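**Q** Protein chains in written order, with our numbering: chain A, 1 to 162; chain B, 163 to 359. Just so you know, even glycine gets a beta-carbon here, dropped at the ideal spot from N, CA and C. Because the structure is a prediction, the values reported are computed rather than measured.
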Amino acid sequence: MTQASQNQDQQPTSPGLLDALHEEQDLLFNAYFEGDLTAQEREEFEAKLDEDDGFRRDYDEFVGIMSGLRTLPFEFAPDDFVDKVESRIRRRSKGRFFAENYLYTSRVPYEVIALVMMVVMAAAWMMMEAPRDSGLRTADLTIDKSAPRDGGQSGEKATTKP
Amino acid sequence: MSSRRDRKLVRALRARDEDAFRELVNLYQHKVFNIVFRILNDRQEAEDVAQEVFITVFKHIDQFRGDAKFSTWLYRIATNHARNRIKYLSRRARKQHQDISDTPEGDMEVNPLGGAVSRPDKQAQANQLEEIIQEGLSQLQSEHREIVVLRDIENLSYQEISEITGLAEGTVKSRLFRARVALKEFVQARYDFQEGS
Numbered sequence: 001m002t003q004a005s006q007n008q009d010q011q012p013t014s015p016g017l018l019d020a021l022h023e024e025q026d027l028l029f030n031a032y033f034e035g036d037l038t039a040q041e042r043e044e045f046e047a048k049l050d051e052d053d054g055f056r057r058d059y060d061e062f063v064g065i066m067s068g069l070r071t072l073p074f075e076f077a078p079d080d081f082v083d084k085v086e087s088r089i090r091r092r093s094k095g096r097f098f099a100e101n102y103l104y105t106s107r108v109p110y111e112v113i114a115l116v117m118m119v120v121m122a123a124a125w126m127m128m129e130a131p132r133d134s135g136l137r138t139a140d141l142t143i144d145k146s147a148p149r150d151g152g153q154s155g156e157k158a159t160t161k162p
Numbered sequence: 163m164s165s166r167r168d169r170k171l172v173r174a175l176r177a178r179d180e181d182a183f184r185e186l187v188n189l190y191q192h193k194v195f196n197i198v199f200r201i202l203n204d205r206q207e208a209e210d211v212a213q214e215v216f217i218t219v220f221k222h223i224d225q226f227r228g229d230a231k232f233s234t235w236l237y238r239i240a241t242n243h244a245r246n247r248i249k250y251l252s253r254r255a256r257k258q259h260q261d262i263s264d265t266p267e268g269d270m271e272v273n274p275l276g277g278a279v280s281r282p283d284k285q286a287q288a289n290q291l292e293e294i295i296q297e298g299l300s301q302l303q304s305e306h307r308e309i310v311v312l313r314d315i316e317n318l319s320y321q322e323i324s325e326i327t328g329l330a331e332g333t334v335k336s337r338l339f340r341a342r343v344a345l346k347e348f349v350q351a352r353y354d355f356q357e358g359s
């Protein structure tokens with residue numbers, strides 16, 4: 001730093017040397033700002049700030065820009081951001097990404113289905129059993145003896161009664 | 163977010179738990195959006211990229227090994243997405259620039275992130291340090307810009323930035339210095355600190 005300030009005092013300077021001096025000054029500003037200087041370097045730097053108005057002005061500008069960066073307003077995501085991300089995931093994955101959760105939240109009601117099936121089966125069983133009790137018709141194959149015995153050719157016939 | 167909470171959240175995400183995903187997005191949406199916005203300097207692009215960041219997290223959560231903090235992994239994905247978007251937009255802007263180079267407006271400077279860059283005299287008239295800084299930020303090289311965003315805006319440590327960018331700490335410091343100098347020169351050329359405008 002001391003060397004830099006001494007070099008700056010020597011006028012005139014060539015453009016290349018001026019660039020090098022500027023770079024050295026920037027390095028110093030940056031190191032001081034980051035707290036990377038040793039105690040002695042820091043003391044020398046602060047003494048230079050007190051003595052040299054131009055140096056102080058340059059450093060204040062540097063700090064002003066750094067502060068400006070840190071105080072840039074925070075940009076918030078839109079209110080519907082979460083919904084948009086989720087809908088994009090659903091659209092692209094056709095619902096597969098949230099599969100487990102989907103099964104949990106809208107799973108098939110197996111208990112209800114089992115109960116309904118039992119009722120249906122019971123009803124079906126009852127319907128199948130029902131003809132044996134009430135709907136079955138039996139054939140009456142008794143022979144009418146009053147009918148002529150001519151081999152059935154004259155009108156003997158077996159009748160069925162309901 | 164504590165590491166225990168991190169682990170719990172990651173476990174739930176691996177199980178494709180929708181509630182966990184909502185919690186993740188709610189926790190980090192603004193942080194991710196702010197980082198991406200500051201790198202891209204465009205709200206619409208930032209929103210699109212931020213959404214892609216969370217989709218990538220959800221798709222690749224199995225690849226998170228837990229070596230680094232979850233937030234570090236998340237910010238790495240965010241900066242990678244932002245970097246890729248800048249490349250894409252730059253390519254597109256170059257193509258558009260070629261297409262319009264024969265038109266009367268062809269001498270307009272083209273910003274890869276959309277819109278035309280105002281010339282220095284107009285910037286000085288803008289009289290707003292914040293706008294000039296944001297403009298200067300968007301003019302930095304993308305690898306410099308993301309380091310300035312992570313360090314000077316998000317206030318992350320060099321170690322975290324190193325993990326996010328995959329660069330050595332020395333390289334991070336060196337790039338940060340170059341970026342700050344470039345930004346300082348940009349702002350000083352457009353803002354009169356003596357007059358405050």
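Can you confirm whether A/K84, when its beta carbon is compared against all beta carbons of chain B, has any partner nearer than 8 Å?
**A** As a position in the first sequence, residue 84 of chain A is number 84, starting the count at 1. Closer than 8 Å: yes.
**Q** Please decide whether A/R88 counts as near chain B, where near means a Cβ-Cβ distance under 8 Å.
**A** Working through the first sequence from its first residue, we reach residue 88 of chain A at position 88. Taking Cβ atoms only, chain B reaches closer than 8 Å to A/R88, which makes this a yes.
**Q** Applying a beta-carbon distance threshold of less than 7 Å, which residues of chain B neighbour A/P78?
**A** Residue mapping note: residue 78 of chain A aligns to position 78 of the first sequence, counting from 1. By Cβ distance, chain B contributes E209.
**Q** Report all residues from its chain with a CB closer than 6 Å to the CB of A/A31; omit the five preceding and five following residues, and keep chain order.
**A** In the first sequence, residue 31 of chain A corresponds to position 31, counting from 1. These residues qualify, in order along the chain: L37.
**Q** If contact means a Cβ-Cβ distance below 9 Å, which residues of the stretch 62 to 75 of chain A contact chain B?
**A** Listed by position along the chain: F62, G64, I65, M66, G68, L69, R70, T71, L72, P73, F74, E75.
**Q** What in chain A is Cβ-close to B/F226, meaning under 9 Å?
**A** Here residue 226 of chain B is taken as the residue at index 64 of the second sequence, counted from 1. In chain order: nothing, as chain A lies at least about 16 Å away.
**Q** Comparing C-alpha positions only, which one of A/F33, A/E41, A/A20, A/E61 sits nearest to B/E155?
**A** One cannot answer for residue 155 of chain B here, as it falls past the ends of chain B, which runs 163 to 359.
**Q** Determine the DSSP secondary structure at B/K170, reduced to helix, strand or coil.
**A** Position 8 of the second sequence holds residue 170 of chain B. Here B/K170 sits in helix by DSSP.
**Q** Using only alpha-carbon positions, find the residue among B/H259, B/Q260, B/R254, B/V215 that is nearest to A/K84.
**A** Indexing the first sequence from 1 puts residue 84 of chain A at position 84. When each option's Cα is compared against that of A/K84, the closest is B/V215.
**Q** Alpha carbon to alpha carbon, what distance is there between A/F81 and A/F45?
**A** Taking the first sequence and counting its residues from 1, the one referred to as residue 45 of chain A is at position 45. Taking the first sequence and counting its residues from 1, the one referred to as residue 81 of chain A is at position 81. Taking the straight line from one Cα to the other gives about 48 Å.
**Q** In this structure, how does DSSP classify A/R56 when only helix, strand and coil are distinguished?
**A** Working through the first sequence from its first residue, we reach residue 56 of chain A at position 56. Reduced to three states, the DSSP call for A/R56 is helix.
**Q** Please name the residue in B/R352, B/F355, B/A344 whose C-alpha comes closest to that of A/H22.
**A** Start at 1 with the first residue of the first sequence, and residue 22 of chain A comes out as number 22. Closest option to A/H22, Cα to Cα, is B/A344.
**Q** Which residues in the same chain have their Cβ closer than 6 Å to the Cβ of B/H243, if we skip the five residues on either side of it in sequence?
**A** Here the question's residue 243 of chain B lines up with position 81 in the second sequence. So the list reads V211, E214, V215, once near-sequence residues are dropped.
**Q** Whose C-beta lies closer than 7 Å to the C-beta of A/R56 among residues of the same chain, with five residues either side of it excluded?
**A** Here residue 56 of chain A refers to the residue found at position 56 of the first sequence. Closer than 7 Å at the Cβ level, and outside the excluded window around A/R56, lie L49.
**Q** CB-CB under 7 Å to B/A240, same chain, minus the five flanking residues each way: which ones, in chain order?
**A** To locate residue 240 of chain B, count along the second sequence from 1; it is residue 78. Once the five neighbours on either side are set aside, the close Cβ partners of B/A240 are V194, I197, V198, V215.
**Q** In chain B, which residues lie less than 8 Å from A/D26 when you measure between Cβ atoms?
**A** The count along the first sequence starts at 1 and reaches residue 26 of chain A at position 26. In chain order: F339, R342, V343, K346.
**Q** Closer than 8 Å, Cβ to any Cβ of chain A: which residues of the stretch 186 to 198 of chain B, in chain order?
**A** Taking 8 Å as the Cβ-Cβ cut-off against chain A, the residues of the stretch 186 to 198 of chain B that qualify are V187, N188, Q191, H192, V194, F195, N196.
**Q** Below 8 Å, can you find three or more Cβ-Cβ pairs linking the stretch 59 to 77 of chain A to the stretch 290 to 297 of chain B?
**A** Output reads yes: the stretch 290 to 297 of chain B touches the stretch 59 to 77 of chain A.
**Q** For the pair the stretch 117 to 126 of chain A and the stretch 245 to 252 of chain B, tell me if three or more CB-CB distances fall below 8 Å.
**A** No: the two stretches stay apart, fewer than three of their Cβ pairs being nearer than 8 Å.
**Q** Would you check whether the ligand MG has a heavy atom nearer than 7 Å to the C-beta of B/S336?
**A** This structure simply doesn't include the ligand MG, nor any ligand for that matter.
**Q** What would DSSP say about B/T241, mapped onto helix, strand or coil?
**A** Start at 1 with the first residue of the second sequence, and residue 241 of chain B comes out as number 79. Three-state DSSP puts B/T241 in a helix.
**Q** Would you kindly check if the distance between the Cβ of B/R307 and the Cβ of B/A351 is under 8 Å?
**A** Sequence index remark: in the second sequence, residue 351 of chain B carries index 189 (1-based). Sequence index remark: in the second sequence, residue 307 of chain B carries index 145 (1-based). Taking 8 Å as the Cβ cut-off, B/A351 and B/R307 do not qualify as a contacting pair.
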